[in-house]
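What follows is one structure encoded as structure tokens, with my remarks underneath.
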Amino acid sequence: GRSEAVYGNEEVPIMGIGQGNGLGPTLWCLISTIIFRMMEKAGHGVSMVSALSLTLVQLVGFAFVDDADLFSAGKTAYTTAEVLSVDFQAALHRWTGGLIATGGEIAPEKSFCYLIDFL
């Protein structure tokens with residue numbers, strides 16, 4: 189069912205499926221899987237070699253309940269933050285477009301970006 193109170197606002201268009209909807213986790217699993225696959229096909233994400241198995245691991249991000257983490261990495265160890273930020277912004281635009289197309293939205297007040305340099 190739907191909650192009486194809303195989280196956010198009631199302005200049209202209403203985004204999402206409603207706070208407390210029992211189908212929410214299942215729908216988010218389906219929607220996020222489709223968006224992650226779209227992102228992967230567009231070349232977003234990271235590739236790394238597993239330290240234990242020495243196999244190639246490719247990740248676009250993680251999703252849990254109604255949250256997601258997206259990954260981006262430089263193509264070489266010498267990729268600058270300026271270049272990486274352009275690539276990540278393209279990935280973020282694609283992710284946001286996928287959310288909007290499926291009735292979702294980004295909550296800017298709950299969205300963060302961290303640049304980590306391992307060198």
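Sequential numbering of the sequence shown, starting at 189, is according to my numbering.
Cβ atoms here follow ideal geometry from the backbone N, Cα and C, with glycine treated the same way.
| Query | Result |
| --- | --- |
| For the region 222 to 229 against the region 280 to 290, do three or more pairs of beta-carbon atoms, one drawn from each stretch, fall closer than 8 Å, so that the two count as touching? | yes |
| For Asp-254, which residues of its own chain have a beta-carbon under 6 Å away from its beta-carbon, when the five flanking residues on both sides are left out? | Trp-216 |
| Quick one: grab the DSSP three-state call for Asp-275. | helix |
| Within the region 204 to 291, note down every full beta strand (DSSP E) run reaching 3 residues or more, in order along the chain. | 234 to 237, 244 to 247, 249 to 252, 255 to 258 |
| Applying the 10 Å Cβ sphere with the 16-neighbour rule, what's the burial state of Ala-279? | buried |
| For Leu-307, which residues in the same chain have their Cβ closer than 8 Å to its Cβ, ignoring the five residues on either side in sequence? | Ala-265 |
| Please identify the residue among Leu-247, Gly-231, Gly-208, Leu-303 whose C-alpha is closest to the C-alpha of Leu-272. | Leu-303 |
| For a test of the three-state rule: what should DSSP assign to Glu-293, helix, strand or coil? | coil |
| Since Val-234 and Leu-247 should fall inside the 8 Å C-beta cutoff, what is the C-beta to C-beta distance between them, to a whole number of angstroms? | 6 Å |
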